[in-house]
Structure formats: C-alpha cells, structure tokens
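**Student:** If you use our numbering, the sequence shown closes out at 364, no skipped numbers anywhere.
We put the CB at the ideal spot given by N, CA and C, even for glycine.
In this text, all values refer to a predicted model and were calculated from it rather than measured experimentally.
Pasting a structure here, questions to come.
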Amino acid sequence: MRVLAESRVDPTAYFAFLKTHPQYDSAVKRDNLACLLAARSVGALCVSAAPAYIRFEPNAHCNLRCCWAQREPAHPALRPRGNADPELARRIVAEIGDALYMAILCHWGEPTLNPHLAEIVRVFHEAGIYTTLDTNMTRMTAELAAELSVAGLDAISASIDGVSQGVYGQYRQGGNVAQALDGLRHVLASRRRLGRANPRLRWQYLVFPHNEHEVDEAQRLAAEIGVDVFDVLAGSGGRWSRVAGFLPARPPVRPSGLLCNDPWTYLAVDWDGAAHVCCRAFQAQHVVGHMADQSLPELFDGPGFQLARRVIRDGVWTPSDGPTPCTGCNRVRQFTPAIAALAHSLAL
C-alpha cells in the first residue's frame with residue numbers, strides 16, 4: 017500500500033467510534049486516510065491509497081421480503097446469491113487490512129444466515145478493524161450472540177420497525193417481531209453472561225405512516241430491554257418529527273464540496289469477491305471488478321472507481337462512458353439536471 021504524505025488529520029472526525037475505541041487507530045491508518053482526503057479535496061481520479069473502510073457481504077440471501085429489498089431472485093439484473101467464505105475476509109485483510117478502520121458486515125442480504133459469520137468477524141477483529149453488523153435480528157439465537165461477542169464484534173444495528181406483529185410485518189414481510197425482540201435480549205444476555213461490553217446494540221426503527229404510532233412504545237421497550245441506542249429514521253427518506261409527524265420535504269441544499277465522498281473513501285465487496293463503488297450498486301452491471309482477477313488496491317484505483325469520481329467531480333456522463341451507479345443516485349441527480357434527464361430517458 018502506498019501513501020502520499022504524513023497524516024495531520026484527526027481520524028475521530030470521520031470515525032466517531034475511535035473516541036471510545038482508540039485501539040483501532042494507527043499511524044499507517046492515519047497516513048492512508050490523509051492520502052484519501054487529499055485526493056478527495058482536489059477531485060483526483062487516481063488514488064494511490066487503500067479505502068479507509070469497507071462494506072463486506074457475508075450473505076446475499078435474506079429470510080424476509082422487505083419492501084426496499086434488492087435481492088428478488090427472479091430479477092435478471094441483480095447479482096447472484098451465496099455465502100462468503102472466511103478465506104475471502106482473510107484475503108481482504110492481507111491486502112488492505114493495515115489501512116482499514118472499519119468493516120461493515122452487510123450489503124443486501126441477511127448476514128446471520130452465513131454459518132461462518134463469527135469466524136468472519138474474528139478475522140477482521142484480530143486484524144485490528146472495528147466490525148459492525150446490520151441485521152433484521154430474527155435469526156439471532158443465544159448461541160450466535162455469544163459466538164459474535166467472543167469473536168470481537170463491536171456493534172450491531174438491529175432493524176425492527178414496530179412492536180406488534182401486524183404493524184411490523186407490513187414492512188418486514190415474512191418476519192416475526194417476537195423473534196427479533198428476542199434477538200435483542202439474546203445479545204444483551206450474552207454480554208452479561210460473558211462479562212463483555214461488546215457488541216454495542218443499536219435498535220434502528222424506520223418510521224412510516226403505518227407504524228409511527230408505535231414509536232413511543234418501541235422506545236419504552238428498548239429501554240426496558242436495555243439496548244444502548246434507540247434511533248428513529250424516516251423510512252420514506254423524508255423527515256419525521258415526534259411532535260409533527262411527517263413533514264414536507266425540504267429543498268435539497270447542495271453540499272459545499274463534492275456531491276459524494278464514497279468513491280474516495282471506501283468500497284463494497286460482495287460475498288463472491290465482486291467489488292462495487294458503493295452499497296447502492298446492487299446490479300450486475302455495476303460490478304467494477306472481481307478479486308479473482310485483481311487486488312483491492314487495483315480495483316480501488318481502477319476505471320470503475322475513476323469513472324464514479326469523474327461523474328461526481330464534473331457532473332458529466334454519457335452512455336459511452338459505461339454504467340455507473342452514480343447515474344441512479346438521488347444525490348447526483350438532484351444537482352446535475354443533465355445526468356438526471358439522461359438517466360431518466362435511459363431508465364437508469
């Protein structure tokens with residue numbers, strides 16, 4: 017891994033968990049982060065550094081049928097399904113582990129379906145990488161909760177959008193809210209039994225018109241169970257207030273810098289080693305390369321990432337450039353009318 021300059025950045029400004037977990041910081045990571053931020057500040061297309069964090073997909077299946085899910089098996093444009101092998105995690109660590117601050121273990125599937133999940137967590141943890149897990153919690157058993165805690169998992173974000181089955185099941189179709197709530201209890205019970213503080217447990221509640229009346233009860237239940245953080249997010253992408261309910265959308269405000277930082281800071285890796293520019297790149301056409309053919313530093317500095325950086329930097333794209341998930345991203349479309357119009361005409 018090459019770095020351009022000695023770091024003078026404060027990594028806690030980008031990774032808040034470092035304030036309570038300083039063991040995940042290092043001089044090599046700070047230098048690499050400084051290189052990424054320097055490249056981002058000038059809109060460089062080529063980046064001689066490694067990503068500062070990754071999103072890794074342990075499993076591409078899901079046991080639920082959520083309304084926003086992108087893993088409909090009959091859809092020909094989507095990526096295939098499968099389980100990641102822990103050896104793939106070991107290769108990621110071997111190639112860029114010294115630079116990684118964080119590994120987010122989830123993409124479009126339910127990671128707890130992978131029977132080797134605890135081993136994957138251990139691979140990243142033992143390499144000094146902060147590990148988090150996004151899950152619907154319905155498959156979290158007492159045994160798995162203990163395995164993940166012992167393996168070193170740092171945090172869990174549990175998506176539970178209701179407290180009654182009738183309300184919860186409208187979005188988390190096929191899910192059982194009692195099982196999800198029991199999953200929270202299993203994690204906290206395993207922490208107490210093992211005398212550990214990890215994993216930190218966050219309950220994420222996506223609020224919609226059909227479930228906003230259960231937010232207060234969910235928060236009460238979260239406190240009763242003992243979760244560390246209870247977060248409410250507007251599920252429709254708008255704004256929601258506990259007092260006023262759903263509010264009119266605000267006019268978008270263009271960021272002072274680049275429209276998106278992702279192509280300069282991280283990459284996503286599928287269960288089979290396929291690489292993507294970001295977590296929104298769920299279609300097969302958005303694969304920028306494969307770990308079977310290239311190293312992660314080569315992919316991160318390759319044509320797929322360079323195209324995404326150019327589109328974000330210059331706000332220009334034509335079909336001859338080839339596919340990129342940036343043309344379908346609301347963040348880009350809102351502020352680049354030419355791309356929005358072209359993408360709409362091409363149904364991107």
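Roughly how many angstroms lie between the CA atoms of A297 and N346, to the nearest whole one?
**Tutor:** 13 Å
**Student:** For V245, which residues in the same chain have their Cβ closer than 8 Å to its Cβ, ignoring the five residues on either side in sequence?
**Tutor:** Around V245, the same chain offers R216, L217, R218, W219 as residues with beta carbons nearer than 8 Å, after the five sequence neighbours per side are excluded.
**Student:** Cutting at 6 Å between CB atoms, please list the residues of its own chain near N130, excluding the five before and the five after it.
**Tutor:** Sequence-distant partners of N130 (beyond 5 residues in either direction) whose C-beta falls short of 6 Å from its own C-beta, in its chain, are P74, N75, N99.
**Student:** Just curious, the beta strand (DSSP E) that T147 is in, first and last residue?
**Tutor:** 146-151
**Student:** Which residue or residues does DSSP assign as beta-bridge partners of A174?
**Tutor:** T151, W219
**Student:** Tell me which residue opens and which closes the alpha helix (DSSP H) that L263 is part of.
**Tutor:** No alpha helix (DSSP H) holds L263; the beta strand (DSSP E) holding it covers 261-263.
**Student:** Which partner residues of N75 appear in the DSSP bridge assignment?
**Tutor:** N75 is bridged to N99.
**Student:** In this structure, does DSSP put F246 in helix, strand or coil?
**Tutor:** strand
**Student:** Less than 9 Å separating the beta-carbons of A29 and L52?
**Tutor:** With a cutoff of 9 Å on beta-carbon distance, A29 and L52 are scored as not near each other.
**Student:** Helix, strand or coil for R255 per DSSP?
**Tutor:** strand
**Student:** Roughly how far, in whole angstroms, is the beta-carbon of R236 from the beta-carbon of L61, given that I think they are within contact range, below 8 Å?
**Tutor:** About 51 Å; that fails the 8 Å criterion.
**Student:** Let me know the secondary structure DSSP gives G344 once reduced to three states.
**Tutor:** helix
**Student:** Considering A194, what are the terminal residues of the beta strand (DSSP E) in which it resides?
**Tutor:** Taken as a continuous stretch (DSSP letters only), A194 belongs to no beta strand (DSSP E), being part of the alpha helix (DSSP H) at 193-210.
**Student:** Based on DSSP bridge pairs, tell me the residues matched to V285.
**Tutor:** F72, A291
**Student:** With burial defined as no fewer than 16 other Cβ atoms inside 10 Å of the residue's Cβ, what is the status of G289: buried or exposed?
**Tutor:** buried
**Student:** Contact check, D150 vs I108 under 8 Å by CB: the rounded distance?
**Tutor:** So it is not a contact: roughly 18 Å between Cβ atoms.
**Student:** DSSP beta-bridge partners for L121?
**Tutor:** F72, L149
**Student:** Under 8 Å by Cβ, that's how I've got G305 and G320 pegged, so tell me the actual separation to the nearest angstrom.
**Tutor:** 6 Å
**Student:** Quick one: residues in its chain with C-beta nearer than 7 Å to the C-beta of A21, no 5 flanking neighbours on either side, listed in chain order?
**Tutor:** Only weak support is given to the placement of A21: the predicted model assigns it a pLDDT of 47, under 50, and the question is left unresolved by the model.
**Student:** Where does the unbroken alpha helix (DSSP H) through D330 begin, and where does it stop?
**Tutor:** 319-330
**Student:** What is the C-beta distance between P271 and V293, in whole angstroms, given that I count them as a contact (C-beta under 8 Å)?
**Tutor:** Their Cβ separation, rounded to whole angstroms, is 18 Å, which puts P271 and V293 out of contact at 8 Å.
**Student:** How many whole angstroms separate the CB atoms of V248 and V231, which I take to be in contact at a CB cut-off of 8 Å?
**Tutor:** 6 Å
**Student:** Assign H141 to one of three DSSP states: helix, strand, or coil.
**Tutor:** Reduced to three states, the DSSP call for H141 is helix.
**Student:** Please tell me whether I70 and V285 are closer than 9 Å, where the distance is taken between their beta carbons.
**Tutor:** yes
**Student:** Hey, quick one: how far does the alpha helix (DSSP H) through C51 stretch, first residue to last?
**Tutor:** 43-58 is the extent of the alpha helix (DSSP H) around C51.
**Student:** State yes or no: is the C-beta of R97 within less than 9 Å of the C-beta of G190?
**Tutor:** Contact: no.
**Student:** Return the bridge partner residues of P185 from the DSSP annotation.
**Tutor:** Checking the displayed sequence, the identity of residue 185 turns out to be Gly instead of Pro. According to DSSP, which records beta bridges pairwise, G185 is partnered with nothing at all.
**Student:** By the three-class DSSP mapping on this structure, what secondary structure does H306 have?
**Tutor:** The DSSP-derived three-state label of H306 is strand.
**Student:** Terminal residues of the continuous alpha helix (DSSP H) containing A238?
**Tutor:** 231-241
**Student:** Here's the rule: buried if 16 or more other CB atoms are within 10 angstroms of the residue's CB, otherwise exposed. What is P27?
**Tutor:** buried
**Student:** Does the Cβ of V139 lie closer than 8 Å to at least one heavy atom of the ligand SAH?
**Tutor:** Among the components of this structure there are no ligands whatsoever, and the ligand SAH is therefore not found.
**Student:** Relative to the C-alpha of W287, which residue among H77, H226, Q350 is closest?
**Tutor:** H77
**Student:** Is it the case that the Cβ atoms of V172 and V193 are separated by a distance below 9 Å?
**Tutor:** With the sequence shown as reference, residue 172 is identified as Ile, and Val is not the correct amino acid for it. Taking 9 Å as the Cβ cut-off, I172 and V193 do not qualify as a contacting pair.
**Student:** Using the Cα positions of L170 and H202, report the straight-line distance between them to the nearest angstrom.
**Tutor:** Position check: residue 170 holds Asp in this sequence, whereas Leu was assumed. Computed Cα separation, rounded: 16 Å.
**Student:** Please go through the same chain and pick out, in chain order, the residues whose beta-carbon is closer than 6 Å to the beta-carbon of N227, but skip the five residues on each side of it.
**Tutor:** D177, G178, V183
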